[in-house]
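Structure record follows, encoded as structure tokens.
Protein chains: 2
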Amino acid sequence: MTYCVGLTLDRGMVFMSDTRTNAGVDNISTFRKMRIWEQPGERSITLMSAGNLATTQAVVSLLEERAKQVADRDPGIMACESMFEVATMVGDTLREVIRDNTEHGQRAESTFHATLLLGGQLGDGQMRLFLIYPEGNFIEASPDTPFFQIGETKYGRPILLRAYDPEMSFEDAIKLLLVSFDSTIKANLSVAPPLDVHVYEKDSLKTGKVFRIDADNDYFHDISDGWGVALREAFASLPQFDFDKSLSKREASFRHKDEG
Amino acid sequence: MTYCVGLTLDRGMVFMSDTRTNAGVDNISTFRKMRIWEQPGERSITLMSAGNLATTQAVVSLLEERAKQVADRDPGIMACESMFEVATMVGDTLREVIRDNTEHGQRAESTFHATLLLGGQLGDGQMRLFLIYPEGNFIEASPDTPFFQIGETKYGRPILLRAYDPEMSFEDAIKLLLVSFDSTIKANLSVAPPLDVHVYEKDSLKTGKVFRIDADNDYFHDISDGWGVALREAFASLPQFDFDKSLSKREASFRHKDEG
């Protein structure tokens, strides 16, 4: 499994991905799941992937190849003229790789599945964030759904739903993502640091801050420990349940046996 | 889907289950997923179920039938002499129902799957909590794994991992479960109130407090709203990320491009 999140903010976008891949629990490796294409002043495009590693690596390799061959029949990622065109092209490439694997293999299609997060900005277009399905089609983030998660998404979702704010600073967004990743890492062996981060500044049209947070990063430890304490304090601050006062008469007198 | 949790505490056990069942998103109903068998002074046994509703209802009906026929060849739930025997018998019944459905139907076995949580105390035995798999085998809770969840377990797991304490009061345990259920309900349409609760007091050998928390329960609303505020405050209390200070030299200088 994997965990990747792409957040759109008023001031830009923040991408974070883990690096663990596993085939079973006894074959664990570290792989980068984030790839950035850049042409300063013209475009910055970030791609993150979850799913079959062979599939996602093949997709990235194909995209790389095509990006280099400017004269090729198919326009590469560096030649596309809009983020929509990039998403369509990446989706087509993903579908193509999955189809090829399935035709020649003997296993179910789902084995080769992968899901992608694609975000960036290009020319005078808007910043856009897409979630691309194994079928090659995609959905786009909007003010109602301002972030996407792929991979092991559930553990880290509640805090994103509660604390996300489009006006938040990049620093707060990174903090929020670290809390979300920490909850996921604590609950699931298949997600682990180091964590790759790309902070894209709106309208900059170039790669922003790119860095990697290691397992022994002090700040990540502070967040992880601090969040445990803060959660317990938050929990303690909630009103106490009272058997007599917290239930209506009907609720308190509900008996399972009577309905049996 | 469904969400059920069984918690073992020093002073007893707390069971909570939601009541939503759905076939797709346009066929939603309310069903009780908690069943209690009691023989005051002798035994109190609670069963919660997640999975195919026809399967779990058939299991409960079979258990009910057998509990009534004391003279029957197979000992019923009221005649078993230990919680282990109850778990074995319930597991056998579950496997039997799934097998029967699969033999006569044309669909995959997984369609009829169900998972059960069984907890209680019997005679002079200890309180015990079991998670029973569709295959009929089961695992038991222990000090290392003092609670089990079934159904839609991921959203509500981080807070359980962080705030559970075996010494906590029943009131705190109910509060904790409500926070866990609230996170799940907020994230997933297939889990919804009313919530059924059974609080079993250790060594009481009788049904404890049984009640149902409705969607319009004031305390549940206070917890839900309060938790959103408390989470945001907890998040704000964590140290701020700093691009210059929070990263080691190596982490900050990590460039994706260099590895491409």
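Residue numbers (UniProt numbering), protein chains in the order written: chain A, 1 to 260; chain B, 1 to 260.
Cβ coordinates follow ideal geometry from the N, Cα and C atoms, glycine included.
Predicted, not measured: the structure shown is a model, and the values here were computed from it.
- At a cut-off of 9 Å between beta-carbon atoms, Gly-226 (chain A) makes contact with chain B.
- Annotation: the segment 87 to 163 of chain A contains the following complete segments of the alpha helix (DSSP H) (minimum length 4 residues), in chain order: 157 to 163.
- Residue A:Ala-58 holds the alpha-carbon nearest to the alpha-carbon of His-113 (chain A) among A:Tyr-164, A:Leu-129, A:Ala-58, A:Asn-217.
- Two segments are said to touch when three or more pairs of C-beta atoms, one from each, lie closer than 8 Å; by this definition the segment 197 to 206 of chain A does not touch the segment 233 to 245 of chain A.
- By the rule that beta-carbons nearer than 9 Å mark a contact, Ser-253 (chain B) touches chain A.
- Annotation for Phe-211 (chain A): the continuous beta strand (DSSP E) segment containing it runs 209 to 213.
- Around Asn-52 (chain A), the same chain offers Thr-111, Phe-112, His-113, Ala-114 as residues with beta carbons nearer than 7 Å, after the five sequence neighbours per side are excluded.
- In the DSSP assignment, Phe-243 (chain A) falls outside any alpha helix (DSSP H) and carries neither an H nor an E.
- Under DSSP, Arg-20 (chain A) shares a beta bridge with A:Thr-30.
- Taking the CA atoms as reference points, Asp-172 (chain A) sits about 36 Å from Arg-95 (chain A).
- With its beta carbon at least 9 Å from every one in chain A, Pro-134 (chain B) lies outside the interface.
- With respect to the 9 Å criterion, Phe-170 (chain A) and Leu-9 (chain A) are classified as neighbours on the basis of their beta carbons.
- Beyond the five residues adjoining it in sequence on each side, Ser-190 (chain B) comes within less than 7 Å, by CB distance, of Met-1, Arg-20, Asn-22, Glu-152 in the same chain, given in chain order.
- The C-beta separation of Leu-160 (chain A) from Ser-180 (chain A) comes to about 5 Å, placing the pair in contact by the 8 Å criterion.
- A straight line joining the alpha-carbon of Pro-134 (chain B) with that of Gly-91 (chain B) spans about 8 Å.
- Not a single CB atom of chain A sits nearer than 9 Å to the CB of Glu-42 (chain B).
- In the DSSP assignment, the residues bridged to Ala-50 (chain B) are B:Thr-115.
- Within 10 angstroms of the beta-carbon of Val-229 (chain A) lie fewer than 16 other beta-carbons, which makes it exposed.
- According to the DSSP assignment, Asp-172 (chain A) belongs to the alpha helix (DSSP H) that extends over 170 to 187.
- Residues of the same chain with a CB within less than 7 Å of the CB of Gly-136 (chain A), apart from the 5 flanking positions on each side, are Gly-91, Asp-92, Leu-94, Arg-95 in chain order.
- Lys-249 (chain A) and Thr-46 (chain A) have their C-alpha atoms some 56 Å from each other.
- Put simply, of A:Arg-162, A:Val-97, A:Gln-149, A:Lys-186 the residue whose alpha carbon is nearest the alpha carbon of Phe-235 (chain B) is A:Arg-162.
- In this model, Leu-116 (chain B) and Gln-149 (chain B) are separated by some 10 Å (Cα to Cα).
- The residue from B:Ser-29, B:His-198, B:Ser-183, B:Ala-192 with its alpha-carbon nearest to that of Leu-118 (chain B) is B:His-198.
- Listed along the chain, the chain A residues whose CB falls inside 7 Å of the CB of Pro-193 (chain B) amount to none; the nearest CB is some 11 Å away.
- In the assembly as shown, Asn-217 (chain B) is a buried residue. Its beta-carbon has 16 or more other beta-carbons within 10 Å.
- In terms of CA proximity to Arg-99 (chain B), B:Thr-55 leads the group B:Ser-49, B:Ser-29, B:Thr-55, B:Ile-36.
- If you look at Cys-4 (chain B), you'll find it in the beta strand (DSSP E) that goes 3 to 9.
- When the five nearest sequence neighbours on each side are left out, the beta carbons in the same chain lying within less than 6 Å of the beta carbon of Trp-37 (chain A) are those of Ile-45, Ile-77, in order along the chain.
- If you look at Val-25 (chain B), you'll find it isn't in any beta strand (DSSP E); DSSP assigns it neither H nor E.
- Around the C-beta of Val-210 (chain A), 16 or more other C-beta atoms lie within 10 Å, and the residue is accordingly described as buried.
- For Pro-143 (chain A), no CB of chain B lies under 9 Å from its own CB, so it is not counted at the interface with that chain.
- Within the segment 48 to 79 of chain B, those residues whose Cβ lies closer than 8 Å to any Cβ of chain A are, in chain order, Glu-64.
- With distances taken between CA atoms, Gly-226 (chain A) lies nearest to B:Leu-231 out of B:Glu-103, B:Leu-231, B:Ile-223.
- Just measuring C-alpha positions, the residue of B:Asp-26, B:Val-25, B:Asn-27, B:Lys-33 sitting nearest Met-16 (chain B) is B:Lys-33.
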